[in-house]
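Visitor: In terms of this note's numbering, the sequence shown opens at residue 1 and continues consecutively.
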Amino acid sequence: MVKNYFKTTLRHLWRNRMFTLLNIFGLAIGISACWVIYRIVDHEFSYDADLPNSERIYKVISAFSRDGKESRMGGVSAPLYQGIEDEITGVEQVVPAFRQWAYRVEIKRESQPLFVKEEPDGIVATTSSYFEMLPYRWLAGDKHTAMDAPESVVLTESRASLYFPTSEPEAVLHKTITYYGRDTVTRTVTGIVADYDTPSEFTGQEFVVLPRVAYETYVWTNTNGTDRLYLQFGQGVNVDTKLREINALDARHWTALAKEQESQGANNMPTRGRTYELLPIRDVHFSTDVAEFGVTKTSRSVMYGLVSIGAFLLILACINYVNMSVAQLPHRGKEIGVRKTLGGGSWQLIGQFLSETLLTTLVAAVLAFGLGRMAFWLLADIIPQGVTPDGNLMTLLAFLLGVAVLVTLLAGLYPGWLITKVRTAQVFKSFFTISAPKSGLNLQKVLIVFQFTIALVFIISTIIVGTQLRYTLKADMGFNKDATILVNVPWKYLSDTRYQDKQFTLLNEIRTLPGVEKVAMGTAPLSSGYSSSPFGYTPAEKDPIEITGFKKSIDTAYLGLYELELLAGRNIHASDTISEFLINEAAAKALGFATPEDAIGQVIGQRGNSMHPIAGVVKDFNTQDFYTAITPTILYMERPGLSSFNIKLDSHDPRKWQATTKAIGEKWAQFYPAEAYQYRFYDETLESLYNQERQVGKLINLATGVTIFISCLGLFGLATLTAFQRTKEIGIRKVLGATVSGIVGLLSKDFVKLVLIATLVASPIAWWAMNNWLEDFVYRIAIQWWMFAAAGFAAVMIALLTVSWQAIRAAIANPVDSLRDE
Numbered sequence: 001m002v003k004n005y006f007k008t009t010l011r012h013l014w015r016n017r018m019f020t021l022l023n024i025f026g027l028a029i030g031i032s033a034c035w036v037i038y039r040i041v042d043h044e045f046s047y048d049a050d051l052p053n054s055e056r057i058y059k060v061i062s063a064f065s066r067d068g069k070e071s072r073m074g075g076v077s078a079p080l081y082q083g084i085e086d087e088i089t090g091v092e093q094v095v096p097a098f099r100q101w102a103y104r105v106e107i108k109r110e111s112q113p114l115f116v117k118e119e120p121d122g123i124v125a126t127t128s129s130y131f132e133m134l135p136y137r138w139l140a141g142d143k144h145t146a147m148d149a150p151e152s153v154v155l156t157e158s159r160a161s162l163y164f165p166t167s168e169p170e171a172v173l174h175k176t177i178t179y180y181g182r183d184t185v186t187r188t189v190t191g192i193v194a195d196y197d198t199p200s201e202f203t204g205q206e207f208v209v210l211p212r213v214a215y216e217t218y219v220w221t222n223t224n225g226t227d228r229l230y231l232q233f234g235q236g237v238n239v240d241t242k243l244r245e246i247n248a249l250d251a252r253h254w255t256a257l258a259k260e261q262e263s264q265g266a267n268n269m270p271t272r273g274r275t276y277e278l279l280p281i282r283d284v285h286f287s288t289d290v291a292e293f294g295v296t297k298t299s300r301s302v303m304y305g306l307v308s309i310g311a312f313l314l315i316l317a318c319i320n321y322v323n324m325s326v327a328q329l330p331h332r333g334k335e336i337g338v339r340k341t342l343g344g345g346s347w348q349l350i351g352q353f354l355s356e357t358l359l360t361t362l363v364a365a366v367l368a369f370g371l372g373r374m375a376f377w378l379l380a381d382i383i384p385q386g387v388t389p390d391g392n393l394m395t396l397l398a399f400l401l402g403v404a405v406l407v408t409l410l411a412g413l414y415p416g417w418l419i420t421k422v423r424t425a426q427v428f429k430s431f432f433t434i435s436a437p438k439s440g441l442n443l444q445k446v447l448i449v450f451q452f453t454i455a456l457v458f459i460i461s462t463i464i465v466g467t468q469l470r471y472t473l474k475a476d477m478g479f480n481k482d483a484t485i486l487v488n489v490p491w492k493y494l495s496d497t498r499y500q501d502k503q504f505t506l507l508n509e510i511r512t513l514p515g516v517e518k519v520a521m522g523t524a525p526l527s528s529g530y531s532s533s534p535f536g537y538t539p540a541e542k543d544p545i546e547i548t549g550f551k552k553s554i555d556t557a558y559l560g561l562y563e564l565e566l567l568a569g570r571n572i573h574a575s576d577t578i579s580e581f582l583i584n585e586a587a588a589k590a591l592g593f594a595t596p597e598d599a600i601g602q603v604i605g606q607r608g609n610s611m612h613p614i615a616g617v618v619k620d621f622n623t624q625d626f627y628t629a630i631t632p633t634i635l636y637m638e639r640p641g642l643s644s645f646n647i648k649l650d651s652h653d654p655r656k657w658q659a660t661t662k663a664i665g666e667k668w669a670q671f672y673p674a675e676a677y678q679y680r681f682y683d684e685t686l687e688s689l690y691n692q693e694r695q696v697g698k699l700i701n702l703a704t705g706v707t708i709f710i711s712c713l714g715l716f717g718l719a720t721l722t723a724f725q726r727t728k729e730i731g732i733r734k735v736l737g738a739t740v741s742g743i744v745g746l747l748s749k750d751f752v753k754l755v756l757i758a759t760l761v762a763s764p765i766a767w768w769a770m771n772n773w774l775e776d777f778v779y780r781i782a783i784q785w786w787m788f789a790a791a792g793f794a795a796v797m798i799a800l801l802t803v804s805w806q807a808i809r810a811a812i813a814n815p816v817d818s819l820r821d822e
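1) In chain order, what residues of the same chain lie with their CB nearer than 7 Å to the CB of A194, ignoring the 5 residues before and after it?
2) What residue range is occupied by the uninterrupted beta strand (DSSP E) comprising Y276?
3) Helix, strand or coil: which one does DSSP assign to L371?
4) Out of M797, F681 and W35, state which residue places its alpha-carbon closest to the alpha-carbon of L396.
5) Would you kindly check if the distance between the Cβ of S711 and the Cβ of F452 is under 7 Å?
6) Helix or strand or just coil, what does DSSP make of A149?
7) Going by C-alpha distance, which of I808, Y321, V696 and P764 is nearest L358?
8) Suppose the cutoff is 8 Å on Cβ atoms and the five residues either side in sequence are ignored; what does the same chain contact list for Y38 look like?
9) Report all residues from its chain with a CB closer than 8 Å to the CB of D197; omit the five preceding and five following residues, and keep chain order.
10) Near I808, which residues of its chain fall below 8 Å by C-beta distance, leaving aside the five closest residues on each side in sequence?
11) Buried or exposed for A719, going by 16 or more other Cβ atoms inside 10 Å?
12) Excluding the 5 residues flanking A857 on each side, which residues of the same chain have their C-beta closer than 7 Å to its C-beta?
13) Assign S111 to one of two classes, buried (16 or more other C-beta atoms within 10 Å of its C-beta) or exposed (fewer than that).
14) Output the distance between the C-alpha atoms of E118 and L801, rounded to the nearest integer angstrom.
15) Take S570 and list the residues in its own chain whose beta-carbon comes closer than 8 Å to its own, dropping the five residues that flank it on each side.
16) Using the C-alpha atoms, what's the distance from G515 back to Y230?
17) How far does the beta strand (DSSP E) with F98 in it extend, from its first residue to its last?
18) Hey, how far is the Cα of G466 from the Cα of I781?
19) Have a look at Y414 and S301 and give me their C-alpha separation to the nearest angstrom.
20) Is it right to say W851 is buried, meaning 16 or more other beta carbons lie within 10 angstroms of its own, or is it exposed?
21) Quick one: is N646 buried, meaning 16 or more other Cβ sit within 10 Å of its Cβ, or exposed?
22) On the DSSP bridge list, what partners appear for L561?
23) On a Cα-Cα basis, can you pick out the residue from E509, Q658 and K656 that is closest to Q670?
24) Report the three-state DSSP secondary structure of F681 (helix, strand or coil).
25) CA-CA distance, I547 and L582?
26) Ordered along the chain, which non-local residues of its own chain (more than five positions away) have a Cβ less than 7 Å from that of T628?
27) Specify the secondary structure class of I630 as computed by DSSP and reduced to three states.
28) Report yes if the CB atom of K518 is closer than 7 Å to the CB atom of Y682, and no otherwise.
29) Could you tell me which residues DSSP pairs with M521 in its beta bridges?
30) Provide the residue(s) that pair with S62 in DSSP beta bridges, ordered along the chain.
31) Below 8 Å on the Cβ atoms is my guess for E151 versus T127; work out the distance and round it to an integer in Å.
32) Would you list the residues sitting across from S532 in a DSSP beta bridge?
33) Could you check the C-alpha separation between A869 and L486 for me, to the nearest Å?
34) Opposite T126 in the DSSP bridges: which residues?
35) Assuming the contact rule is C-beta atoms closer than 8 Å, L371 and A28 should be a hit. Round their C-beta distance to whole Å, please.
36) Taking the C-alpha atoms as reference points, what is the distance between I664 and A676?
Right under this line is the structure:
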């Protein structure tokens, strides 16, 4: 019987090659999309999933509340780990992981040239507790003693292979590495560990000893985003209780600092605007609201959204298969009638159809494997690093077989059940019907409406996301970014006495180049990085006011280059050290000034630093992306802090820009190493701030294309069935004088109605989803009616193009063929 099923299935699929190919391709697209999404989601949820005792490991993060705004940062105060070790019980492992910088490492190799590595990454200062908490496999050295000596270093296997390519792990022990940074330190290799290749936020490559030092009290009030701290609590420890103890420990040091400053006669007392929170290690990868530098994160809601997209695409593919299969039933009427006449039971007929579905799905699964690899190539800039197209072979086979069985049941049962409802006697009278035809056709229409509803949600989302992204790049940001390039002096040269103050000589040289309109030094107005500090102001006979302000170091040409508007006062004067401030409108309001003019001459200052007058007030400009409102910003001049060139090119002749940038590079090479010259147009830098949004847009565009394609396949199937069922009606209409255009319109209008219904259903869903997405933007577009109208019009045009082939084919058919009796 199985052999008979197989032979019959092959004959049927070959006889209906066009429908078979459409079904296979539709299912393959749905299955491949599910596989790609599964690989991404599985990768993201595997971050630190296999970490031993992960349910008892937490990351300490800093929470800030100031000026009515709340934020969180992944770093802590450097002394905190020592305080917890000394005063908090119930903590099994206190694991600091402080990122370290070095601009160069040097290694002397026997009978080989000196090895030099510029700006190595992945250097972490920690203690032996790091290796107690993380399950590193030691290839050489002893984890219990490797971090005992203060100038020890432990390398990962890949880093050891880079530094000592011809040596085995045991042979690397006791070799030395010289690090050049703020200090020059020669360290001895005391251990080699296997690469920690599981997805994790622990990405260190070189581990140096974090010395235990006596910190001054004020250091407790600092927060460094790269000083990270992890705690592993003991069994049964109440984490909430320990968090309260940690915050009480921190608060005591803030109080101690306030008393110290009060005894010294300080007026501006520090107020504790930071508390600590504990984040479970399994949640760290999804903590997108926690600001951290160089840490890969993702949104858990985005992952759930991807799962929903994958499920929808698979359901759409199944719906498409159902519609295409039902469309073929009239052509199989006699086959079904003969089978039933010869004694074929309902389950035999259903089994036959399920075998056809299973074979089609298995072929589609094989094709999906190839499409999935193609998708990984096309979406390389969206798919997270570390996600592979294949994964484990058994996982791949289990996924494909599981999906094949699921699709077979979802897509095959309903058409199989319809086969059993065919009335044999009427089939042989050339009158094909299925029991309750109206309900069957209505179900198909419902499925088509569902398909186009999903497609329209994606179309509307594509329009809104694209419009918002264009708005973020074209809107007035409060400064002129056009024809501006940025060139940064690497920090390693700033700390090198050989290059001291050379940026200022280079600045004057660049000003003389043809094609350069203006040049200034300072931090770009809007950037992803920022530095902020508390600034205080004491009004006459009033309580002191303290605000948190973004700090930007600039020179006297900065305002003119970016065309920042002065509302009151004047520009700052040239100065080697901070002597006066410019503030923006937001800072003036936060400090309590009624008008910009009232701020001029008033004295403000950073906590712990000297006070200086306000020289001018500039009009507000965006300092962060459009997710963030304009915040108080303080501009000042301090020569040692100026390391970024802002160069405005001749905007009248862009053809000369290449020659100008080359000339700038030649000047650069006279002062700094030529290979360190890198420039980037500022508008490109601003665009890079919205990479994630562009990736979301690209993903939505892809999902839109797939859903439209699959929906059109289902619509094509329904059009085929409708044309077949109305063959005699069309023949009669043509005999009575109906035109081809009239018949095409008759057949098409029902499908247009379905698309219009889908538009009505999709519009509120898309509005709700996109309105929630736009809420994250402080500066956002308004959702307008034309976006829904444009999506509906596009869907109608797509539907008409899809059904037109079948409609025209039916309209031009010879009525003699459709009306004759067989």
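Note that the Cβ used here is the ideal one computed from N, Cα and C, for glycine as well.
Guide: Based on what the coordinates show:
1) Cβ neighbours of A194 beyond the five flanking positions: Y136, R137, L139 and E157.
2) R274 to P280
3) helix
4) When only C-alpha atoms are compared, the closest one is W35.
5) yes
6) coil
7) Y321
8) Excluding residues up to 5 positions away in sequence, G310 and F399 lie with their Cβ nearer than 8 Å to the Cβ of Y38 in the same chain.
9) Excluding positions up to five away in sequence, the list is empty.
10) V740 and V744
11) With at least 16 other beta carbons inside 10 angstroms of its own, A719 counts as buried.
12) Nothing about residue 857 can be read from this structure; the chain reaches only from 1 to 822.
13) By the 16-neighbour rule on beta-carbons within 10 angstroms, S111 is exposed.
14) 59 Å
15) Looking at the sequence itself, residue 570 is Arg, so the reference to Ser does not match. Closer than 8 Å at the Cβ level, and outside the excluded window around R570, lie A615 and G616.
16) Taking the CA atoms as reference points, Y230 sits about 53 Å from G515.
17) V91 to R99
18) 11 Å
19) 33 Å
20) An answer regarding residue 851 cannot be provided, because it is not within the stretch 1 to 822 covered by the chain.
21) buried
22) In the DSSP output, where bridge partners are listed per residue, L561 has none listed.
23) E509
24) strand
25) About 15 Å.
26) Excluding positions up to five away in sequence, the list reads V778.
27) coil
28) no
29) F645, per the DSSP bridge assignment.
30) M73 and Y276
31) Not quite, the Cβ-Cβ distance comes to about 14 Å (not below 8 Å), so this is no contact.
32) F550
33) Past the edges of the chain, shown from 1 to 822, lies residue 869, and the structure says nothing about it.
34) V209
35) 6 Å
36) Looking at the two C-alpha atoms, the distance is approximately 13 Å.
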